[in-house]
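>
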Amino acid sequence: MNIRQQKKSKEFFDLSIDLYCILNQAHHLLFVNKAFYELLGYSEETVLNRSLIGYVQLADREKFSEGLSTLAPGDGVVEFESRLISANGTDRHFRWRINIPEGSEELYATARDITDQKRHSSIIEQTHRIAKVGGWEYNFITHELFWTDETYRLHDTTPEEFTPDVSRAIDLYAPESVPVITEALRAAQEEGKDWDLELQLITLKGRKIWVRAVGQVERVNGQSIKVFGSFQDITERKILDEEREDFIAALEQKNDELERFTYTVSHDLKSPLVTIKSYAGLLKEDLKNQAYDEVEIDLNSIASACDTLNALLRDLLELSRVGRVINPGEWMSLRDLVEVTSLSLQGRIRETGATISVAGETGQIFGDRARLLEVFQNLIDNAMKYRSDLPPHVEISSVQNEDNITICIADNGKGIAPDFHGKIFDLFEQLHSSDEGTGIGLAIVKRVVEHHGGKIWVESVGYNQGSRFYIQLPLVDRNNTVTSTG
Amino acid sequence: MQGHPITILLAEDNAAHARLVMRSFRDHAVENQVIQVDNGESALDYLFQRGEYSEIDTQPDLVLLDLRLPKYDGLQVLAEIKKDKALNSIPVVILTTSDAESDINMAYEHHANSYLVKPIDFVEFSKMLKDLGFYWLVWNKSK
């Protein structure tokens, strides 16, 4: 080329937005067009006669040299991608096309700047990965199914490991979701209907996940050609939804409980008030009529209603303390707990001639000692109060497994008809009207047991058949406390 | 006002309240035979003539029923009475301390004939039962 020709060619090359360069065999730059300076920010003087390899991003240099090494004169074009470092230190992506023309010793190279394109697809890929959204497309004519990388990832697999087809893909849904997606696919093909479904899927690693599958149908001349859409992991949201629903249900239950509580409390407090006020009126009348036999009954009624009120208030206060006042948990032996309880119930034991025994090996239990004592006091006292004609006998035994201990408090008393087994733990429910109690005792017991993460239930065949109260308590988390098996 | 005495079944677990009812009837010379039971199960046993009441062969003319009763509560007793062909014509009057709307509605839904809230004052209590006694006497006479 003469100078004029060269000058003309240079003006022509400078128009291009792609890089044009000519390298010698040592890969030094002999010629570069204007795009080279514009895209990378170097000046002409600094670039010429320097090695192009020096401008290649370090991580790509090996790949770049490898690409160049395969070149031979007249042997066609080599294509690859690599990054160059610009003057301000940032990387730009280029797609290279390089050859050595027949009979030449120089390398002719062009490079297209694909930085924006790369960034764009990498952002899409990243956001899809973060949002756990995959894409897919199914062709009704060729039956080809295409998945994006994220769709593979959502199925816990890779394009190398798994080749999806439509029946294999459907098989990956959970049994209850298979008919739903099958019908959606049929409606898409036959009626051109789109879908937006929340389904359960079992991944290739056996994980059960929730996905939102959206499908849009493309139709030509009334015929469904293909369906494509997104595929999103919504397991976290589903779990949160479920947690929220459980939470709302628990709150509603608490609210109902509170409403019932307020109602029963107001009713049960009113009853002794009616007695007091009415009997005060009656008393006045009886004094006027000098009916002194009646006066004593009136006064006793008033006094006993006051005692009832007092007991109600005391027990209600106690009930509200359970869960509000929490003493630190401790290990204690069941035998010890029963002995302390028996001491506190000396009066009733003497009065009824009751015997209390602990059968076999008894385990250790963990919890709030004062509250658990209350549980045993209530249950053992009840066993003596609701006695049959036999002298009361209460036997405490326990069985234990790895996770919990089940304590049985069995008596030979009146027993409880099966109809009332659920009811007796409710607030103010009393089975016996001659009762000195308030109907709060077993409600307290249940509450204490539940606060310890346990369960309580009763078994009794019926009248005069005795009762067996069972308390199951967890043997607390081994991470927090040492489980004792003593 | 005259009438022949009627038999009243009083289901009331609070002994003091039961005595108030008896006193009121006595003070107003309302002559009745009052049978008192202290829990819902006994009330049903009496009405259905079973258990310890299996010897009974008459039905009460009126049932005075507290809502909060041991074992079966007043509503359960009421429901059993009203769904039994032989018993459902016996008037049932709820006599309770509760003035909660829900209780009143539930009682009428279960076909209670009347709902009386126990007044806190004896004079009122007495007057209420006097009226009740006379009302049912007349009702009984006109039968």
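Taken in sequence, the protein lines are chains R and H.
By the count of this note's numbering, the first sequence reaches residue 634 at its end, each step adding exactly one.
By the count of this note's numbering, the second sequence reaches residue 250 at its end, each step adding exactly one.
Where a beta carbon is used, it is the ideal one built from N, C-alpha and C, also for glycine.
Name, please, each residue of chain R whose Cβ falls closer than 7 angstroms to the Cβ of Leu127/H.
Ser426
> Taking C-beta pairs closer than 8 angstroms, name the residues in chain R that Asp228/H reaches, listed in chain order.
Lys425, Ser426 and Gly429
> As a quick exercise: from Ser372/R, Ile329/R, Gln371/R and Glu338/R, pick the residue whose alpha carbon is nearest that of Phe379/R.
If we check each option's Cα against that of Phe379/R, Ile329/R comes out closest.
> Would the stretch 478 to 489 of chain R and the stretch 602 to 609 of chain R be scored as touching if the rule is three or more Cβ pairs under 8 angstroms?
Taking 8 angstroms as the limit for Cβ pairs, the verdict is that the stretch 602 to 609 of chain R does not touch the stretch 478 to 489 of chain R.
> Would you list, in sequence order, the uninterrupted beta strand (DSSP E) runs of no fewer than 3 residues that lie entirely inside the stretch 501 to 562 of chain R?
Runs of the beta strand (DSSP E) inside the stretch 501 to 562 of chain R: 503 to 506, 512 to 515, 541 to 548 and 552 to 559.
> From the DSSP output, read off the bridge partner residues of Gln140/H.
Paired residues: Thr114/H.
> Counting only C-beta atoms, is Thr114/H closer than 7 angstroms to chain R at any point?
no
> Alpha carbon to alpha carbon, how far is Leu435/R from Gly429/R?
10 angstroms
> If contact means a Cβ-Cβ distance below 9 angstroms, which residues of the stretch 403 to 427 of chain R contact chain H?
Tyr411, Thr412, Ser414, His415, Asp416, Lys418, Ser419, Pro420, Leu421, Val422, Thr423, Ile424, Lys425, Ser426 and Tyr427
> I'd like to check one pair, Leu219/R with Val226/R: are the Cβ atoms closer than 7 angstroms?
In this structure, Leu219/R lies closer than 7 angstroms to Val226/R by Cβ.
> Going straight from the alpha carbon of Asp164/H to that of Arg157/H, what length do you get?
10 angstroms
> Quick one: is Phe232/H near chain R, going by C-beta distance under 7 angstroms?
yes
> Count the other C-beta atoms from every protein chain shown that fall within 10 angstroms of the C-beta of Ile396/R, then say buried if there are 16 or more, exposed otherwise.
So Ile396/R counts as exposed.
> In the stretch 555 to 572 of chain R, which residues sit with their C-beta less than 9 angstroms from some C-beta in chain H, listed in chain order?
Ala565, Asp567, Phe568 and Lys571
> Find out if the Cβ-Cβ distance for the pair Gly570/R, Gly614/R is shorter than 7 angstroms.
no
> Against chain R, which members of the stretch 162 to 188 of chain H pass a CB distance test of less than 7 angstroms?
Cβ contacts with chain R come from Arg175, Pro177 and Lys178.
> Straight-line CA distance for Ile592/R to Leu467/R?
So the two alpha carbons sit approximately 5 angstroms from each other.
> Chain H partners of Ala453/R, CB-CB under 7 angstroms?
Ala123
> Name the chain R residues that come within less than 9 angstroms of Ala207/H, Cβ to Cβ?
Tyr411, Ser414 and His415
> Taking 7 angstroms as the CB-CB limit, is Ser449/R close to chain H?
yes
> Would Val359/R and Asp381/R be called neighbours here (beta carbons separated by less than 7 angstroms)?
yes
> Kindly provide the ranges of any beta strand (DSSP E) runs that are 3 or more residues long and lie completely inside the stretch 150 to 176 of chain H, ordered along the chain.
As summarised for the stretch 150 to 176 of chain H, the continuous beta strand (DSSP E) elements at least 3 residues long and confined to that stretch are 169 to 172, given in chain order.
> For Gly377/R, does the three-state DSSP call read helix, strand or coil?
strand
> Can you pull the chain R neighbours of Arg133/H, defined as C-beta to C-beta under 7 angstroms?
Within chain R, no residue comes near Arg133/H; the closest Cβ sits about 11 angstroms away, beyond 7 angstroms.
> Please say whether Ile424/R and Ile445/R have beta carbons closer to each other than 7 angstroms?
With respect to the 7 angstroms criterion, Ile445/R and Ile424/R are not classified as neighbours on the basis of their beta carbons.
> Quick test of your reading: Asp304/R and Leu352/R, contact by CB under 8 angstroms. State the CB separation rounded to the nearest angstrom.
5 angstroms
> Hey, would you say Glu564/R sits closer than 7 angstroms to Ile544/R, going by beta carbons?
The sequence given here places Ile at residue 564/R; Glu does not occur at that position. No. Outside cutoff.
> Using only the alpha-carbon positions, how far apart do Leu223/H and Arg133/H sit?
19 angstroms
> Roughly how many whole angstroms lie between the Cα atoms of Glu254/R and Ile201/R?
15 angstroms
> Kindly indicate the opening and closing residues of the beta strand (DSSP E) around Arg367/R.
Lys356 to Val368
> Does the distance from the C-beta atom of Leu185/H to that of Ala219/H stay below 7 angstroms?
yes
> Given a cut-off of 7 angstroms, decide if Leu293/R and Val314/R are closer than it, judged by their beta-carbon atoms.
When the beta-carbon positions are compared, Val314/R and Leu293/R come within less than 7 angstroms of each other.
> If we count the other Cβ atoms within 10 Å of its Cβ and call it buried at 16 or more, is Thr311/R buried or exposed?
exposed
> What residue from Thr194/R, Tyr321/R and Leu464/R has the CA that sits closest to Ser234/R's CA?
Thr194/R
> How close, in whole Å, do the beta carbons of Lys266/R and His241/R come, if the pair is a contact with beta carbons under 8 angstroms?
5 angstroms
> Is Lys237/H close to chain R? Criterion is C-beta to C-beta, closer than 7 angstroms.
no
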